[in-house]
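Undergrad:
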Amino acid sequence: MTATHGERPVPHLSEDELLAWRGLLELEARVLGVLDAELRADHDLSIAEFDTLYQLWLQPGGRCRMKDLAEKLVVSRGGVTKLITRLRSRGLVARVSQPGQQAVDAQLTETGEKLLATAMDTHFDGVRRLVTSRLSAAELHTLRTVTERLREPPA
1 MTATHGERPV PHLSEDELLA WRGLLELEAR VLGVLDAELR ADHDLSIAEF
51 DTLYQLWLQP GGRCRMKDLA EKLVVSRGGV TKLITRLRSR GLVARVSQPG
101 QQAVDAQLTE TGEKLLATAM DTHFDGVRRL VTSRLSAAEL HTLRTVTERL
151 REPPA
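Just so you know, the UniProt record's numbering puts 125 at position 125 of the sequence shown, and the rest follows in order with no gaps.
1. For the alpha helix (DSSP H) containing Leu69, name the first residue and the last one.
2. To the nearest angstrom, report how far apart Phe50 and Arg22 are at their CA atoms.
3. Just to confirm before moving on: does the CB-CB distance between Ala94 and Thr109 stay below 7 Å?
4. Closest to Leu83 by CA distance: which of Gln98, Gln55 and Gln59 is it?
5. Identify which residue in His43, Met66 and Thr111 has its Cα closest to the Cα of Gly91.
6. Helix or strand or just coil, what does DSSP make of Ala106?
7. Going by other Cβ atoms of all chains shown within 10 Å of its Cβ, with 16 needed for buried, is Gln62 buried or exposed?
8. Determine the DSSP secondary structure at Ala29, reduced to helix, strand or coil.
9. Let me know the secondary structure DSSP gives Ser89 once reduced to three states.
10. Using a threshold of 7 Å, state whether the C-beta atoms of Asp42 and Thr122 are closer than that.
11. Quick check: the segment 61-76 against the segment 23-37, are there 3 or more CB pairs under 8 Å?
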């Protein structure tokens, strides 16, 4: 089971495995790069900052524990702290502590929610333009099924 990349053999993966894997990596990099550039140009938000605001917006009251937010964003606790610090400096989120508890919550501010509302149009228009509108309904369903399966931990 050996694929080739140009003239060079690539051991351990079949041609289909290699092309699927490389395609996934390249697609992610290209799509996220375009979405990030559009968000930065139109709203002065990185895609990571957008996703942070979006994940907070999805939570009841726009509020989430920092450790839970890190899990939702698939980043470390240090990574989420840096994101929240940047967003807080712009007045887009606040840190809220619970009396008698060590846990700290991040909360979307009114300013953050207003910015997110306009940024969502840019972001989701881009998602549709770059990905979903290029697939048939059946292909979109297959993509959803495959990505759901691949996000599950391996058996």
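Just so it is clear, CB atoms sit at the ideal spot from N, CA and C, and this is done for glycine as well.
TA: Inspection of the coordinates gives the following:
1. Residues Met66 to Leu73.
2. Looking at the backbone, the Cα of Phe50 and that of Arg22 are separated by about 26 Å.
3. In contact: Ala94 and Thr109 (Cβ atoms closer than 7 Å).
4. With distances taken between Cα atoms, Leu83 lies closest to Gln55.
5. Minimum Cα distance to Gly91 is reached at Thr111.
6. When secondary structure is reduced to three states using DSSP, Ala106 falls in the strand class.
7. Rather than Gln, the amino acid found at residue 62 in this sequence is Gly. Residue burial is scored here from C-beta neighbours: Gly62 has at least 16 other C-beta atoms within 10 angstroms and is therefore classed as buried.
8. DSSP places Ala29 in helix when its eight states are reduced to three.
9. Ser89 sits in a helix when the DSSP states are folded into three classes.
10. Yes, these two residues count as a Cβ contact at 7 Å.
11. Taking a cut-off of 8 Å on C-beta distances, the segment 61-76 does not touch the segment 23-37, as fewer than three cross pairs fall below it.
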